[in-house]
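Visitor: Input: one structure, supplied below.
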Amino acid sequence: MSAAKRVQQWATFARTWHIFDCKWQDPYQSAEVIKKYLLGMHKPIYHPMNDCGDVVVCINSREIALRGNDWRQRAYFHHTGYPGGATWTLAWEVHNKDPTMIIKKAVYKAMRGNLQRRHTMQRLFIYPGEEIPEDIVQNVTNQIRQLRLVPTRLDHIDEEEVKKFPKVMDYPTDYVLK
Amino acid sequence: MAMIRAGLQRLASVFSSQGGILSRLITQNAPSQNTTVPNTTKDVIATCNKLIEERSSRNFAIVHLLGKQWRVTDGDLLVVEGYWPPNIGDKITLDKVLLAATKDFSLIGRPLVQPGLVTVTATIISKGLSHTRTHFKKKRRKQYMRINFQRAQQTILRINSVEIANRINEAPNNVF
Amino acid sequence: MSNKNLFLKSAFVRAPLQNGVGRYVCQLQRIVLKFCKSHGASRGIRDFIEQDLVDFSRQNPGVVVYLKPRRHRGPVLVAEYLNGDRVWMSVHNKTHSEITKWMEVLRTQQGDVAGARLKKYQYTDYPSVQGPWTPFTFKDPELNVATLPDPKFGANNRLSVSATEKLRLMFEKQKISEKDMKIGE
Chain A
17 MSAAKRVQQW ATFARTWHIF DCKWQDPYQS AEVIKKYLLG MHKPIYHPMN
67 DCGDVVVCIN SREIALRGND WRQRAYFHHT GYPGGATWTL AWEVHNKDPT
117 MIIKKAVYKA MRGNLQRRHT MQRLFIYPGE EIPEDIVQNV TNQIRQLRLV
167 PTRLDHIDEE EVKKFPKVMD YPTDYVLK
Chain B
3 MAMIRAGLQR LASVFSSQGG ILSRLITQNA PSQNTTVPNT TKDVIATCNK
53 LIEERSSRNF AIVHLLGKQW RVTDGDLLVV EGYWPPNIGD KITLDKVLLA
103 ATKDFSLIGR PLVQPGLVTV TATIISKGLS HTRTHFKKKR RKQYMRINFQ
153 RAQQTILRIN SVEIANRINE APNNVF
Chain C
594 MSNKNLFLKS AFVRAPLQNG VGRYVCQLQR IVLKFCKSHG ASRGIRDFIE
644 QDLVDFSRQN PGVVVYLKPR RHRGPVLVAE YLNGDRVWMS VHNKTHSEIT
694 KWMEVLRTQQ GDVAGARLKK YQYTDYPSVQ GPWTPFTFKD PELNVATLPD
744 PKFGANNRLS VSATEKLRLM FEKQKISEKD MKIGE
């Protein structure tokens, strides 16, 4: 194809590297969004036979938040293949052993169980904290927005904002708070 | 606190949308501080009217025809299926325009664009029958097998022109 | 898996020589009606020739009509088009009205349309007017200079206003502003 057409093709089919902060997010809810970007379903040029999936880098996977009693009750199954090799491990045990496992399993589960799944999972990078290798951070061009609100801690709010906030009532000066 | 700030910002943007509601129609417009963004709705409409009069670029439109929506520009072919009265050689205007756009701006209808504003003309080129489609039914182990051959009437249209004929808000009222 | 591609070719929609862009030209070049003068199967075509053929040829001056009476052979319509397609159709035991309809179909077709399955129902030389989509088409240009991850681009911006925020805004609204005080004075 001509030079201009080649540039246009390269621009349209370029693979974008996205970054997603998993802090205080539900892994199963975020997995639905991450899977969309990994498969390329957020693009108008999507087709299952067209290799249009993007790369997603997940950070802070140690800070994910499971719902309700899931940390204590949700169990992950693993079988080594040998007789008597079935294990059911609880979520908190899995998380302590490897903080990236829970979100990896969530994204794996969100995808369709076809032969492309393992290949698409290779495009997902998960890091437990904020440290990302240099060569990966340099590639990242877009950030995926979080789904759940990350509330600000009360002690992280500025003094001035706290003073400006309208009060309904205030304690008298000689009142002693226990 | 950051959340409260974010919420206030969003509300402020709703109350005073920068550049008017129609500014999101200008595809060249960058979302944040841009000194060339016009301030009022009238400026946006005036710019669009000037671009309409210049007629510099190719237009395309999304047209609703026979229950389906088609993206249409000058010189392209359309095949519609089913019974449709117009005959070969007839010139037709496609009136249900949902969206019309040029390289620089788009007019989005809710759901249709103003009736006299956009004219899409087409000519019927051919009316024939499609290839034979076989509808085969079988229920296994029940001795039930049916085959149905069907050919649909197909009309081929050539779109002659997609024009934004009048200025915005100045299209004649009684077009139909 | 399927062998349909062996007997059913597929093609895109095409019109010969930009037909319709400027002038429209009827694509049927000539039509040959072959029939038997005495056999019963040709009754329909014989009725058509006697009653409707002259009107047909007068209404379509650009089409050459040939008649070929052939003994002991079945009745057949052969249509030839400007793009070279040849459509052979048997009208054995067809009635006069059916033949009229088939003649109309042959007249309005632009070649052997049924010979190939259409892959798409649209054809355009200009698929993109505003430029093809790239990953940067609808993205905020500030992403180009931002160092990611950045909470400005990462936080959810589609949350609805919370009750606390709503109350605070109501409070701000009902406050007596300096302007009102001045008007009061």
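Chains as they are written, first to last, in this note's numbering: chain A, 17 to 194; chain B, 3 to 178; chain C, 594 to 778. Ideal placement from N, C-alpha and C gives every residue a C-beta, glycine not left out.
In the DSSP assignment, the beta strand (DSSP E) including ILE142(A) goes from what residue to what residue?
Guide: 140-142
Visitor: Check whether the Cβ of THR717(C) lies closer than 8 Å to any Cβ atom in chain A.
Guide: no
Visitor: Relative to the C-alpha of TYR715(C), which residue among ILE170(B), ASP45(B), VAL164(B), ILE158(B) is closest?
Guide: According to the sequence shown, residue 715(C) is Gln rather than Tyr. For GLN715(C), the nearest C-alpha among the options comes from ILE158(B).
Visitor: Take TYR187(A) and list the residues in its own chain whose beta-carbon comes closer than 8 Å to its own, dropping the five residues that flank it on each side.
Guide: LEU193
Visitor: Along chain C, in chain order, which residues have C-beta atoms closer than 9 Å to that of ARG161(A)?
Guide: Those are PHE746, GLY747, ALA748, ASN749, ASN750, ARG751, listed as they occur along chain C.
Visitor: Please name the residue in GLU643(C), LEU626(C), GLY655(C) whose C-alpha comes closest to that of ARG663(C).
Guide: LEU626(C)
Visitor: Kindly indicate if chain B contains any beta-carbon less than 8 Å away from that of GLN644(C).
Guide: no
Visitor: Whose Cβ in chain A lies nearer than 9 Å to the Cβ of PHE764(C)?
Guide: The contacting residues are PRO182.
Visitor: Would you tell me roughly how many angstroms separate the C-alpha atoms of ARG31(A) and THR43(B), rounded to the nearest one?
Guide: 38 Å
Visitor: Can you give me the C-alpha to C-alpha distance between ASP151(A) and TRP33(A), rounded to a whole angstrom?
Guide: 12 Å
Visitor: Please list the partners that PRO725(C) has in chain A, where partner means a Cβ-to-Cβ separation under 7 Å.
Guide: GLN24, THR28
Visitor: From the DSSP output, in three-state form, read off TYR716(C) for me.
Guide: strand
Visitor: Helix, strand or coil, according to DSSP, for ARG161(A) in the structure here?
Guide: coil
Visitor: Would you grab the beta carbon distance between LEU621(C) and LEU699(C) for me? Rounded to a whole angstrom, and I think it's under 8 Å.
Guide: 6 Å
Visitor: Which bits of chain A does PRO742(C) rub up against, with CB to CB less than 7 Å?
Guide: ILE35, ASP37, ILE75, GLN159
Visitor: Step through the CB atoms of chain C and report whether any lies within less than 8 Å of the CB of VAL177(B).
Guide: no
Visitor: In three-state terms, what does DSSP make of GLU673(C)?
Guide: strand
Visitor: Counting only beta-carbon separations shorter than 8 Å, does ARG761(C) have a partner in chain A?
Guide: Yes, ARG761(C) counts as interfacial toward chain A.
Visitor: Does the distance from the CB of VAL46(B) to the CB of VAL99(B) come in under 8 Å?
Guide: Remark: C-beta atoms of VAL46(B) and VAL99(B) do not approach each other more closely than 8 Å.
Visitor: The beta strand (DSSP E) that contains ALA604(C), what's its start and end?
Guide: 602-604
Visitor: Looking at the unbroken alpha helix (DSSP H) that takes in PHE181(A), where does it start and where does it end?
Guide: If you look at PHE181(A), you'll find it isn't in any alpha helix (DSSP H); DSSP assigns it neither H nor E.
Visitor: So for ILE692(C), helix, strand or coil by DSSP?
Guide: helix
Visitor: Compare the C-beta of LEU610(C) against all C-beta atoms of chain A and say whether one is closer than 8 Å.
Guide: False, the Cβ-Cβ gap to chain A never drops below 8 Å.
Visitor: Step through the CB atoms of chain B and report whether any lies within less than 8 Å of the CB of GLN702(C).
Guide: At least one chain B Cβ lies under 8 Å of GLN702(C).
Visitor: The region 659-676 of chain C: which residues have C-beta closer than 9 Å to a C-beta of chain A, in chain order?
Guide: none
Visitor: Is TRP72(B) helix, strand or coil by DSSP?
Guide: In the three-state reduction of the DSSP assignment, TRP72(B) falls in the strand class.
Visitor: Does any residue of chain C have a CB that is nearer than 8 Å to the CB of ALA167(B)?
Guide: no
Visitor: Please state whether DSSP places GLN152(B) in a helix, a strand or coil.
Guide: strand
Visitor: Please report the residue range of the beta strand (DSSP E) in which TYR659(C) lies.
Guide: 657-662
Visitor: With distances taken between CB atoms, is the gap from VAL706(C) to SER108(B) smaller than 8 Å?
Guide: No, the Cβ-Cβ distance between VAL706(C) and SER108(B) is not below 8 Å.
Visitor: Provide the residue span of the beta strand (DSSP E) that contains MET682(C), from first to last.
Guide: 679-683
Visitor: Who pairs with THR629(C) in a beta bridge, going by DSSP?
Guide: Sequence check: residue 629(C) is Cys here, not Thr. DSSP lists no partner for CYS629(C).
Visitor: Who are the near neighbours of HIS689(C) in its chain, counting only those whose CB is closer than 6 Å to its CB and skipping five residues on each side?
Guide: GLY637, ASP640, PHE641
Visitor: Is the region 128-139 of chain B in contact with the region 77-93 of chain B, if contact means three or more CB pairs nearer than 8 Å?
Guide: yes
Visitor: Could you tell me the alpha carbon to alpha carbon distance between LYS687(C) and HIS133(B), rounded to whole angstroms?
Guide: 21 Å
Visitor: Beta-carbon separation of PHE36(A) and VAL72(A) under 8 Å?
Guide: yes
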